[in-house]
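One structure is given below, encoded as C-alpha cells.
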C-alpha cells in the first residue's frame, strides 16, 4: 500500500516544594493559566525557595540562584494553584537570561506526594534573551498543579531572569501523541516495524533506500487551515546518531511541506520543535517521520508527538 494513501482512523484518549496557593490576581490574559506572567504586578503570584530571593528588575523576575544543592529542586521559583484537565494539551513558554550559561528545569507538575511532570523541559539559558516553548498533554486532572523553575545544583551563584511566562491550553491535532494507546492512529512502511516500548513509539529502521521516504512512520487525516501557524514538537532518541526528516505535509500529488525539520537525533532523548504557517487548507495532511537512506539499521524512539496551533 502506498504510505501516502494510508489512513487509520482512531479515537484515542490523551490522556516540589509545598507553597501557599497563588491568590486570584486579575492580571492574567484570557486563556493564560499563569497569573502575572508579564511581571507587570511585581512578584505577585510568584514564590521562591528561601535560598533564592526574587525581585522584579526592568520588568523581569530575577532570582539570585545560590551555588550547591544535591538536586535541581534545592532552589526553585514557582507558582501554585494551577488547574489542568486530563486530555488537554498545554504549552509552557517563557523568556529567560542568566549571568552565566546554565541548564535549568522548567516544569509544570501535579500535586501529591509524587508529583508527575505534565510539561517538562531542560533549557540551556545564557546571556542573550531567548524564548523557550514546551508542550505536552495532561494525563490526569489536577486543581493544584504548579509551574516551577528548578535551579538547584549550580556550581557557582548566578542571576536568572524570567519574563512573559505563559501556560495556555492549545489545540492538539495528533491522535495518541502520548502513545498511551499503543500504536493506535499510527502507521509505518512495511519495512519499518513499530511497537510501543516503555511508553515510546519505537521503529526498527532498515538500512538503505534511495530517498528519505523509503522508510516512514506517520499519521494521516490531519486537518490544517490556511493562515494558522502550526508547531510540531516531539521527543526522540536513537540507538545511533541519525539525521531524519520530520514533516507535516499536505495531500495531493506534490505533498507540499507545511512544517519541515531535519533533526539530528542522538542516543539521549531530546525535544525537537519546528513551526510554520500553512498557506492552504487541507483536511488530509500527514505528520511524517521519514527515515530512509540509513547506512546501517538502527532503532528510533518517539514520544510526546504534538502538532499544536
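Numbering (the working numbering), first residue to last: 2 to 310. Backbone N, C-alpha and C fix where the C-beta goes; we use that ideal spot for every residue, glycine too. None of the values given here were measured: they were computed from a predicted structure.
Do you know whose CA, among 300, 250, 219 and 188, lies nearest residue 241's CA?
For the purposes of this step, residue 241 is taken as residue 240 along the chain shown, with counting starting at 1. Minimum Cα distance to residue 241 is reached at 300.
Proximity of residue 233 and residue 288 at Cβ, strictly below 9 Å
For this step, residue 233 is matched to residue 232 along the chain shown. For this step, residue 288 is matched to residue 287 along the chain shown. Result yes, Cβ atoms of residue 233 and residue 288 sit closer than 9 Å.
Whole-angstrom C-beta distance between residue 303 and residue 236, which should lie under 8 Å
Your numbering for residue 236 matches position 235 in the chain shown. Your numbering for residue 303 matches position 302 in the chain shown. At roughly 7 Å, the Cβ-Cβ gap stays under 8 Å, so residue 236 and residue 303 are in contact.
Spatial distance of residue 293 from residue 156 (CA atoms):
By 1-based counting over the chain shown, the position of residue 293 is 292. By 1-based counting over the chain shown, the position of residue 156 is 155. The straight-line gap from Cα to Cα measures roughly 43 Å.
Output the distance between the C-alpha atoms of residue 80 and residue 92, rounded to the nearest integer angstrom.
Looking up residue 80 in the chain shown gives position 79. Looking up residue 92 in the chain shown gives position 91. Annotation: residue 80 to residue 92 spans about 16 Å, alpha carbon to alpha carbon.
Looking at the structure shown, is residue 1 part of a helix, part of a strand, or coil, going by DSSP?
A question about residue 1 goes unanswered here, because the residues of the chain that appear run from 2 up to 310.
By DSSP, does residue 266 sit in helix, in strand, or in coil?
As a working mapping, residue 266 is identified with position 265 in the chain shown. Residue 266: strand per DSSP, three-state reduction.
By alpha-carbon positions, which one of 116, 184, 78 and 189 ends up nearest to residue 200?
Walking along the chain shown from the start, residue 200 turns up at place 199. Among 116, 184, 78 and 189, the Cα nearest to that of residue 200 is on 184.
Could you tell me the distance, in whole angstroms, from the CA atom of residue 226 to the CA atom of residue 170?
Translated into the one-based positions of the chain shown, residue 226 becomes position 225. Translated into the one-based positions of the chain shown, residue 170 becomes position 169. Looking at the backbone, the Cα of residue 226 and that of residue 170 are separated by about 19 Å.
To the nearest angstrom, how far is the alpha carbon of residue 259 from that of residue 96?
For the purposes of this step, residue 259 is identified with residue 258 of the chain shown, where counting begins at 1. For the purposes of this step, residue 96 is identified with residue 95 of the chain shown, where counting begins at 1. Each residue's Cα considered, the two are about 26 Å apart.
Decide yes or no for the touch test of the stretch 53 to 68 against the stretch 142 to 157: beta carbon pairs closer than 8 Å, at least 3 of them.
A contact between stretches requires three or more CB pairs, one per stretch, nearer than 8 Å, and the stretch 53 to 68 meets this requirement with the stretch 142 to 157.
In the structure shown, what three-state DSSP assignment does residue 213 receive?
The residue labelled residue 213 in the question sits at position 212 within the chain shown. Residue 213: helix per DSSP, three-state reduction.
Buried or exposed (CB count within 10 angstroms, at least 16 for buried), residue 1:
The structure shown does not extend to residue 1, since the chain spans only 2 to 310, so no value can be given for it.
C-beta contact flag for residue 334 and residue 173 at 9 Å:
The structure shown does not extend to residue 334, since the chain is modelled only from 2 to 310, so the question has no answer here.
Please return the same chain residues whose Cβ sits closer than 7 Å to the Cβ of residue 76, not counting the five positions on each side in sequence.
By 1-based counting over the chain shown, the position of residue 76 is 75. 50, 52, 53, 66, 67, 70, 152 and 153, listed in sequence order.
Per DSSP, which one or two residues make a beta bridge with residue 272?
As a first step, residue 272 is located in the chain shown; it is residue number 271 there, counting from the start. Paired residues: 236.
Roughly how many angstroms lie between the CA atoms of residue 186 and residue 220, to the nearest whole one?
Counted from its first residue, the chain shown places residue 186 at position 185. Counted from its first residue, the chain shown places residue 220 at position 219. In this structure, the alpha-carbon of residue 186 lies about 6 Å from that of residue 220.
Evaluate residue 272 with the Cβ neighbour count: other Cβ atoms within 10 Å of its Cβ, from every protein chain shown; 16 or more gives buried, anything less gives exposed.
Numbered from its first residue, the chain shown carries residue 272 at position 271. With 16 or more other Cβ atoms within 10 Å, it is buried.
Could you compute how far the alpha carbon of residue 307 sits from the alpha carbon of residue 249?
Within the chain shown, residue 307 is the residue found at index 306, counting from 1. Within the chain shown, residue 249 is the residue found at index 248, counting from 1. Between residue 307 and residue 249, the C-alpha separation is close to 11 Å.
May I ask which residues mark the beginning and end of the beta strand (DSSP E) holding residue 100?
Translated into the one-based positions of the chain shown, residue 100 becomes position 99. Where residue 100 is concerned, there is no enclosing beta strand (DSSP E), given that its DSSP letter is neither H nor E.
CA-to-CA distance, residue 228 to residue 281, given in whole angstroms
Stepping through the chain shown from its first residue, residue 281 is reached at position 280. Stepping through the chain shown from its first residue, residue 228 is reached at position 227. Whole-angstrom Cα-Cα distance: 7 Å.
Suppose the cutoff is 8 Å on Cβ atoms and the five residues either side in sequence are ignored; what does the same chain contact list for residue 213 look like?
In the chain shown, counting from the first residue as 1, residue 213 sits at position 212. Only 245, 246, 291, 292, 293 and 294 meet the Cβ criterion.
In whole angstroms, give me the CA-to-CA distance for residue 298 and residue 206.
Position 297 of the chain shown, counting from 1, holds the residue named residue 298. Position 205 of the chain shown, counting from 1, holds the residue named residue 206. Cα to Cα, residue 298 sits roughly 6 Å from residue 206.
Compare the beta carbon distance of residue 193 and residue 216 with 9 Å and say whether it is the shorter of the two.
The sequence position of residue 193 within the chain shown is 192, counting from 1. The sequence position of residue 216 within the chain shown is 215, counting from 1. Their beta carbons are under 9 Å apart, which means residue 193 touches residue 216 by this criterion.
In terms of alpha-carbon separation, which member of 161, 182 and 224 lies closest to residue 339?
Coverage of the chain is limited to positions 2 through 310, which leaves residue 339 absent and any answer about it impossible.
Report the partner residues of residue 219 according to the DSSP bridge assignment.
Position 218 of the chain shown, counted from the start, is the residue given in the question as residue 219. According to DSSP, residue 219 bridges with 188 and 289.
Quick one, which of 179, 35, 222 and 278 has its alpha-carbon nearest residue 230's?
Here residue 230 corresponds to residue number 229 of the chain shown, with the count starting at 1. Closest option to residue 230, Cα to Cα, is 278.
Would you give the residue range spanned by the beta strand (DSSP E) that residue 170 belongs to?
Residue 170 sits at position 169 when you count from the first residue of the chain shown. From DSSP, the beta strand (DSSP E) with residue 170 extends over 159 to 171.
Taking the alpha carbon of residue 276 as the reference point, which residue from 269, 238, 135 and 179 has its own alpha carbon closest?
Translated into positions along the chain shown, residue 276 becomes position 275. Per the Cα distances, 135.
On the CB-based measure, 16 or more other CB atoms within 10 Å of its CB, does residue 26 come out buried or exposed?
By 1-based counting over the chain shown, the position of residue 26 is 25. Because the pLDDT at residue 26 is just 33, under 50, the model does not fix this residue reliably, and the point stays unresolved.
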